[in-house]
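Written below as structure tokens is the structure these notes are about.
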Amino acid sequence: MKEGNLVVLPGLPAFYDYEWYPQPVDVLSLRQARSFWSNLTTNSDRFMKECDAFIYDTCSAYEPEAIYATRRWLKESGSRKLYTIGPIFPWPDTIFESSKHGLLATDHEVPEYGTPVRAFMDRILASHGENSLLYMSFGSLYWPESGYVRLYVEILLEHKIPFIFAIASPHADLPTELIEKVSGSGFAMISKWCPQQTILGHPVTGWFLSHCGHNSILEALSRGIPIIAWPLAYDQPGNAAYISLSLDVAFELIQVRTGIEGLKHLHRGGSPPVGTCEFVAAEARDVLRRMKGSEGDRKRRNAEVVRDKLSRAWKNAGDGLEDFKRLLRDATKD
209 MKEGNLVVLP GLPAFYDYEW YPQPVDVLSL RQARSFWSNL TTNSDRFMKE CDAFIYDTCS
269 AYEPEAIYAT RRWLKESGSR KLYTIGPIFP WPDTIFESSK HGLLATDHEV PEYGTPVRAF
329 MDRILASHGE NSLLYMSFGS LYWPESGYVR LYVEILLEHK IPFIFAIASP HADLPTELIE
389 KVSGSGFAMI SKWCPQQTIL GHPVTGWFLS HCGHNSILEA LSRGIPIIAW PLAYDQPGNA
449 AYISLSLDVA FELIQVRTGI EGLKHLHRGG SPPVGTCEFV AAEARDVLRR MKGSEGDRKR
509 RNAEVVRDKL SRAWKNAGDG LEDFKRLLRD ATKD
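According to this note's numbering, the sequence shown is numbered sequentially starting from 209.
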């Protein structure tokens with residue numbers, strides 16, 4: 209049980225300590241990842257005290273205050289250096305699809321051959337236009353409250369919103385009837401494997417519903433795609449608050465929070481999480497309405513501004529490129 213202490217970190221909105229736990233840690237997917245992250249955190253603490261330098265996959269275009277604070281801390285604690293060499297992505301024209309990978313609708317095995325995801329997106333683009341598709345993914349490890357996930361899928365079908373839902377997590381739990389309903393809709397797709405870079409770079413993709421891992425956020429913003437944030441654990445709640453409140457490129461879902469800590473009121477104010485399907489559904493419909501209006505347009509414009517800044521990180525004198533050069537010089541010194 210957290211005590212409700214206020215946590216203030218450079219660049220992030222102020223948080224109560226319990227806000228870092230929007231889902232109970234005994235959720236299966238979080239419990240199994242907990243030991244890994246616990247060991248990583250313990251070892252990272254020792255590593256941070258003993259290492260000579262830090263390499264971060266980020267840049268000042270995304271989180272300038274955090275980078276500045278880190279550099280200042282490193283300077284005060286010794287002569288260690290920080291290299292911010294992100295964002296690190298393949299070139300825009302890289303082909304991610306392969307004939308050995310395909311999409312699935314009712315099976316949990318990726319078939320050797322299947323219909324490319326690009327064909328589906330091209331069809332939706334022709335029928336619904338640009339920015340009409342919602343891409344959903346909780347990453348390859350995590351899975352939130354299954355009842356809420358199913359409810360979201362039902363609401364998307366109800367509103368006839370085209371979507372692709374990547375369910376790579378081994379804990380993914382969707383009933384066969386719902387998967388078949390999605391497959392039969394003609395405008396939606398569920399896949400065990402998705403070429404995320406291809407999806408985010410396609411003109412049909414308008415929004416990304418994400419658990420808000422660091423890489424997923426940068427991948428979306430590097431394409432100018434605004435986000436619907438559904439954070440689960442670890443760095444994700446901080447990331448979600450940052451992109452929704454500080455950068456204003458996202459809507460954060462609050463009613464999907466569960467558990468003792470997750471249902472407490474938030475420092476930012478607003479409607480507190482209630483913990484019922486009724487409130488989850490109401491928030492879902494509200495966000496879907498707002499993302500199509502002026503508020504959604506503003507967040508898209510903001511995401512495009514961040515995209516343009518990120519694109520300069522590896523051009524000319526961008527800090528990503530310059531820090532990478534500095535890293536190579538320092539690493540090859542006699």
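Yeah, the Cβ is synthetic: ideal placement off N, Cα and C, and Gly gets one too. Fair warning: this is a prediction, and the values are worked out from it, not measured in the lab.
Sixteen is the threshold: when 16 or more other Cβ atoms of the shown chains lie within 10 Å of the Cβ of residue 460, as they do, the residue is buried. The beta carbons of residue 521 and residue 295 sit about 7 Å from each other, so the pair counts as a contact at 8 Å.
Taken in chain order, the whole alpha helix (DSSP H) runs of length 4 or more contained in the region 385-444 are 404-409 and 422-429. Note on residue 367: under 16 other CB atoms within 10 angstroms of its CB, so exposed under the neighbour-count rule.
If you check the CB distance, residue 387 and residue 372 do not come in under 9 Å. Each residue's CA atom was taken as its position, placing residue 327 and residue 290 some 43 Å apart. Secondary-structure assignment with DSSP links residue 495 through no beta bridge to anything. Between residue 351 and residue 377, the CB-CB gap stays under 9 Å.
In the three-state DSSP reduction, residue 224 falls in the strand class (E or B). Excluding the 5 residues flanking it on each side, residue 483 has same chain C-beta neighbours closer than 7 Å at 466 and 471, in chain order.
By the neighbour-count criterion, in which 16 or more other beta carbons inside 10 Å mark a residue as buried, residue 251 falls on the exposed side. With a cutoff of 9 Å on beta-carbon distance, residue 342 and residue 364 are scored as near each other. A distance of 9 Å or more separates the beta carbons of residue 432 and residue 325. Counting along the chain, the unbroken beta strand (DSSP E) around residue 458 starts and ends at 458-460. For residue 448, the three-state secondary structure derived from DSSP is helix. In the three-state reduction of the DSSP assignment, residue 369 falls in the coil class, being assigned neither a helical nor a strand state.
In this structure, residue 332 and residue 395 form a Cβ contact; the two beta carbons are roughly 6 Å apart against a cut-off of 8 Å. Judged by DSSP in its simplified three-state form, residue 376 adopts coil rather than helix or strand.
Within the same chain, and ignoring the five residues on either side of residue 410 in sequence, the residues whose Cβ sits closer than 6 Å to its Cβ are 329. Around the beta-carbon of residue 214, fewer than 16 other beta-carbon atoms lie within 10 Å, marking it exposed. Closest in alpha carbon position to residue 274, among 217, 517, 509 and 530, is 217. With contacts defined as CB atoms closer than 9 Å, residue 426 and residue 265 qualify as a contacting pair. Beta-bridge analysis with DSSP links residue 263 to 291. Residue 214 sits in a strand when the DSSP states are folded into three classes.
When 423, 500 and 447 are compared, the shortest CA-CA separation from residue 221 is found for 447. Cβ atoms of residue 464 and residue 488 come within 8 Å of each other, at about 6 Å.
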